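Quick notes on the structure that follows.
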Amino acid sequence: MFRIGNRSLRFVMAKYKPDLCGTLALGSIACFSRYEQKPDTRLRRTSSQLVRDFECFSIKRLSHMESGRYKFWTIPNALCVGRIIVTPIIGYFVIQHDFSVAFGLFALAGMTDMLDGLIARNIPGQKSLFGSVLDPISDKLLVSVMFITMSYVALIPWQLTAVVLLRDLCLIVGGFYKRYKNLEPPYTFKRFFNPEVSSMQVVPTRMSKVNTVFQLSVIASSLAISVFNPGEIWTSVSSGLCWATAFTTIYSGLQYMGGEALRKI
53 MFRIGNRSLR
63 FVMAKYKPDL
73 CGTLALGSIA
83 CFSRYEQKPD
93 TRLRRTSSQL
103 VRDFECFSIK
113 RLSHMESGRY
123 KFWTIPNALC
133 VGRIIVTPII
143 GYFVIQHDFS
153 VAFGLFALAG
163 MTDMLDGLIA
173 RNIPGQKSLF
183 GSVLDPISDK
193 LLVSVMFITM
203 SYVALIPWQL
213 TAVVLLRDLC
223 LIVGGFYKRY
233 KNLEPPYTFK
243 RFFNPEVSSM
253 QVVPTRMSKV
263 NTVFQLSVIA
273 SSLAISVFNP
283 GEIWTSVSSG
293 LCWATAFTTI
303 YSGLQYMGGE
313 ALRKI
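Those letters in the sequence shown? Residues 53 to 317, per this note's numbering, in order.
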């Protein structure tokens, strides 16, 4: 292109005055120079921007890793895994009518639940995105197994167990739907379960925490009545706890389905 431009310039120089030819020649050369340098300048600018973006991403990712956000093997997560492992063992002792052992193991599981929350809130680097999902999963698994097995041995009404399980099922389906709506294309199985892609954190509502207390109280009181046989008054207390559990279960379930417990991070 530059050679063709030179031929055009020589033709102009032969036809017009030298001063005009010089002006046209310099203008053409400057134009060609700008045309040739523009892509290179744009490439250098784009390369510099990519380097800055990569540095910002690396620093941000490193800060997340140092803060423990994407860590799995933390102390609270290990306690959650231990609670998941012991859950079927407790259910087995309930079915075998060995309520004293089941009561002791359930009390131990409850203490680990309180302990992992204290550690995650007060010790730096122990709070993680996995933990915000794993902790409610372990709690719901424990509660579901206890309600099913205790209803099987007639310690808890089947109607209350049905309400609790239906609410948890709705939460699982609603959580998957919210995740799908929040996920950006392309929609793949790997990206769907990748916590680093369009992450959603589960934040329990106040009513959900109250409901958890009532559910655990129903389980503990029913086991305690079977072990210690304290009298009719405790049976009435357990019945009242069942009604309170049913109400808070339904109310907190509606809150979760409304999106109050999900937060984009």
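Ideal Cβ placement from N, Cα and C applies to all residues, glycine included. Only a predicted model underlies this, so the values are computations on that prediction, with no experimental measurement involved.
Problem set entry | Where S304 falls, given that 16 or more other Cβ within 10 Å makes a residue buried | The residue in question, S304, is buried, as its Cβ has 16 or more Cβ neighbours within 10 Å.
For this session: Determine the direct distance from the alpha carbon of S274 to that of V205, and round the result to whole angstroms.
Result: Straight across, the Cα-Cα distance linking V205 with S274 is about 11 Å.
Problem set entry | Outcome for S152 when other beta-carbon atoms lying within 10 angstroms are tallied against a minimum of 16 | Exposed: under 16 other Cβ atoms inside 10 Å.
Exercise. With C-beta atoms as the reference, is V215 less than 7 Å away from T287?
Worked result: No; because the gap between Cβ atoms is not below 7 Å, this pair is not in contact.
Exercise. By how many angstroms is the C-alpha of I127 removed from the C-alpha of G183?
Worked result: Whole-angstrom Cα-Cα distance: 10 Å.
Exercise. Is it buried or exposed for D168, if we count other Cβ within 10 angstroms and need 16 for buried?
Worked result: Per the 10 Å Cβ criterion, buried.
Exercise. Taking just the CA atoms, how far does P188 sit from Y232?
Worked result: One C-alpha to the other measures close to 20 Å.
For this session: Can you say whether K129 is buried or exposed, counting buried as having 16 or more other CB atoms within 10 angstroms of its CB?
Result: Correcting the residue type first, residue 129 is Asn in the shown sequence and not Lys. Counting Cβ neighbours within 10 Å, N129 comes out buried, since at least 16 surround it.
Exercise. Hey, P198 and F158 are a contact pair by Cβ (cut 8 Å); roughly how many whole angstroms apart?
Worked result: The question names Pro, but residue 198 in the sequence shown is Met. Separation of the CB atoms of M198 and F158 is rounded to 7 Å, and the pair is thereby assigned contact status at 8 Å.
Exercise. Excluding the five sequence neighbours on either side, which residues of its own chain have a C-beta within less than 8 Å of the C-beta of L268, listed in chain order?
Worked result: Closer than 8 Å at the Cβ level, and outside the excluded window around L268, lie G162, V195.
Exercise. According to the Cβ coordinates, are L186 and C132 closer than 7 Å?
Worked result: Taking 7 Å as the Cβ cut-off, L186 and C132 qualify as a contacting pair.
Exercise. Three-state secondary structure (DSSP) at P128?
Worked result: In the structure shown, P128 sits in a helix (DSSP, three-state: H, G or I).
For this session: Would you mind working out which of L193, I175, N174, K179 sits nearest I141, comparing C-alpha positions?
Result: For the residues L193, I175, N174, K179, the minimum Cα distance to I141 belongs to L193.
Problem set entry | Inter-residue Cα distance where the pair is G177 and W125 | Rounded to whole angstroms, the gap between the alpha carbons of G177 and W125 is 11 Å.
Exercise. Between the C-alpha atoms of G134 and S278, what's the straight-line distance to the nearest angstrom?
Worked result: The alpha-carbon atoms of G134 and S278 are separated by roughly 26 Å.
Exercise. Leaving out five residues before and five after S260 in sequence, what residues of the same chain have Cβ atoms less than 6 Å from its Cβ?
Worked result: Sequence-distant Cβ neighbours of S260 in its own chain, meaning closer than 6 Å and more than five residues away, are S304.
For this session: Express the C-alpha separation of F280 and T201 in angstroms, rounding to a whole number.
Result: Taking the straight line from one Cα to the other gives about 19 Å.
For this session: Following the continuous alpha helix (DSSP H) through Y164, name the residue where it begins and the one where it ends.
Result: Contrary to the premise, residue 164 reads as Thr rather than Tyr in this sequence. Segment 151-174, the alpha helix (DSSP H) holding T164.
Problem set entry | Own chain, CB closer than 6 Å to K179, minus 5 neighbours either side, in chain order | Scanning its chain for C-beta atoms nearer than 6 Å, with the 5 sequence neighbours on each side dropped, one finds around K179 the residues A172, in chain order.
Problem set entry | Bounding residues of the alpha helix (DSSP H) (the contiguous stretch that carries N325) | In the structure displayed, the chain extends from 53 to 317; residue 325 sits before or after that span and is not available.
Exercise. Going by other Cβ atoms of all chains shown within 10 Å of its Cβ, with 16 needed for buried, is R219 buried or exposed?
Worked result: By the 10 Å Cβ count, R219 comes out buried.
For this session: With DSSP collapsed to three states, give me the class of V205.
Result: Here V205 sits in coil by DSSP.
For this session: Measure the alpha-carbon distance for T164 versus L170 and round it to whole angstroms.
Result: For T164 and L170, the distance between alpha carbons rounds to 10 Å.
For this session: Determine the direct distance from the alpha carbon of L212 to that of A298, and round the result to whole angstroms.
Result: Rounded to whole angstroms, the gap between the alpha carbons of A298 and L212 is 6 Å.
Exercise. Is the distance from the Cβ of V262 to the Cβ of L293 below 7 Å?
Worked result: The answer is no: Cβ separation not under 7 Å.
Exercise. Hey, out of L221, L223, A154, whose CA is closest to L207's CA?
Worked result: With distances taken between Cα atoms, L207 lies closest to A154.
Exercise. Quick one: Cα of G226 to Cα of N174, how far?
Worked result: Approximately 31 Å, taken between the alpha carbons.
Problem set entry | F228, buried or exposed, once every other Cβ within 10 Å from all chains shown has been counted against 16 | Counting Cβ neighbours within 10 Å, F228 comes out exposed, since fewer than 16 surround it.
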